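See structure below.
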Amino acid sequence: MNDYLELEKRKVRSEFLSMRNRLDPTSALVCSTAILAALKKFSLYEQANTLMIYLSYGSEVITDFIVKSAIEEGKNVVVPAIKNPGDSFMQTVRIVGLEDANQLVYGIRQPEVNSDDVASKDSIDLALIPGIAFDLSGYRLGYGKGYYDRWLKDVPLSKTVGLAYDFQITDKLPIGKHDLPIGTIVTEQRIIQTIK
Numbered sequence: 003m004n005d006y007l008e009l010e011k012r013k014v015r016s017e018f019l020s021m022r023n024r025l026d027p028t029s030a031l032v033c034s035t036a037i038l039a040a041l042k043k044f045s046l047y048e049q050a051n052t053l054m055i056y057l058s059y060g061s062e063v064i065t066d067f068i069v070k071s072a073i074e075e076g077k078n079v080v081v082p083a084i085k086n087p088g089d090s091f092m093q094t095v096r097i098v099g100l101e102d103a104n105q106l107v108y109g110i111r112q113p114e115v116n117s118d119d120v121a122s123k124d125s126i127d128l129a130l131i132p133g134i135a136f137d138l139s140g141y142r143l144g145y146g147k148g149y150y151d152r153w154l155k156d157v158p159l160s161k162t163v164g165l166a167y168d169f170q171i172t173d174k175l176p177i178g179k180h181d182l183p184i185g186t187i188v189t190e191q192r193i194i195q196t197i198k
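Under the working numbering, the first residue of the sequence shown is numbered 3, with each subsequent residue one higher.
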């Protein structure tokens, strides 16, 4: 990645992360609840049998409600996990409740990675993806480690949904050749379909 692009990404990441970190806990709760309500009306979510749901970290859209709701509805839930800190690829591991995610890797909750519980990408009907910022074409900016971009390779756009507070949406993000877009973005105010 060239230095200019990396500098631009760092600048945008810092700006949007700062905005997200300023969101007060009550507003985060209200917006996250509204995002769950919007998701539940979204046909791809309704039809999905197996969901990949990230476990929220820091000021991300809160996903605990989504996990609990999906499990109560009888859906299979898998969450991202890294077997060993330093691994460059994340896996998706089945959970039956939030209590299964009792380990912290980079400060993020995850379950232990046992091969019996690892789900293949093909078995996932819909993947809910975090981000610091998203643009209207579906590109996302994460923390810069590349885990999601590597994982999203070969996952159809139609199976990917980014979750964001509406202020995390911008017209255009700086993107590189390894950055991959998301098919849909759900905020507390709108659903953005990026697939033309």
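C-beta: ideal position from N, C-alpha, C; glycine also. All values derive from a computational prediction rather than experimental measurement.
By a C-beta neighbour count over all protein chains shown, 10 Å radius and 16 as the cutoff for buried, is residue i buried or exposed?
i    : result
F91  : exposed
V201 : A query on residue 201 cannot be resolved here, the shown segment of the chain reaching from 3 to 198 and no further.
Y167 : buried
Y141 : buried
P158 : exposed
R152 : exposed
V63  : buried
D181 : buried
R192 : exposed
S122 : exposed
Q112 : buried
T28  : exposed
S34  : buried
By DSSP, does residue i sit in helix, in strand, or in coil?
i    : result
L143 : strand
F67  : helix
D102 : helix
V120 : strand
L53  : strand
D156 : coil
D137 : strand
I97  : strand
On the DSSP letters alone, give me the boundaries of the alpha helix (DSSP H) that residue i sits inside.
i    : result
V80  : Looking at the DSSP string, V80 is not in any alpha helix (DSSP H); the run it does join, the beta strand (DSSP E), is 78 to 83.
I253 : Given that the chain is displayed from residue 3 to residue 198, the structure contains no residue 253 and the question cannot be resolved.
D5   : 5 to 23
Q49  : 45 to 49
D168 : No alpha helix (DSSP H) contains D168, which DSSP labels as neither H nor E.
Compute the beta-carbon to beta-carbon distance between residue i and residue j, rounded to the nearest angstrom, for a pair I have assumed lies under 8 Å.
i    : j    : result
V107 : T94  : Actually they are not in contact, since the Cβ atoms of V107 and T94 sit about 14 Å apart, beyond 8 Å.
I134 : L143 : 5 Å
L100 : A72  : Contact doesn't hold; Cβ gap of about 11 Å is too wide.
L57  : I110 : 7 Å
L7   : G178 : 6 Å
A83  : V115 : 5 Å
How would you write the range of the beta strand (DSSP E) that residue i sits in, first residue to last?
i    : result
S128 : A quick correction: the sequence has Leu, not Ser, at residue 128. First-last of the beta strand (DSSP E) with L128: 128 to 131.
R192 : No beta strand (DSSP E) contains R192, which DSSP labels as neither H nor E.
I110 : 110 to 112
Might you give, ordered along the chain, the residues of its own chain that have their beta carbon closer than 6 Å to the beta carbon of residue i, omitting 5 neighbours on each side?
i    : result
I68  : L38, I55
I194 : I187
P87  : V107
A36  : E190
Grab me the residues of residue i's own chain with a C-beta within less than 8 Å of its C-beta, minus the 5 sequence neighbours each way, in chain order.
i    : result
Q49  : D127
Y145 : R15, I134
Q170 : F18, M21, R22, G133, I134, A135, F136, T189
G185 : G140, P158, L159, S160, K161, T162, V163, Q195, T196, I197
D156 : K123
A103 : L57, V81, I97, R111, Q112, P113
Please work out which residues of its chain come closer than 7 Å, Cβ to Cβ, to residue i, disregarding the five sequence neighbours upstream and downstream, and give them in chain order.
i    : result
L175 : V14, A135, D137, Y141, L143
T172 : A135, D137
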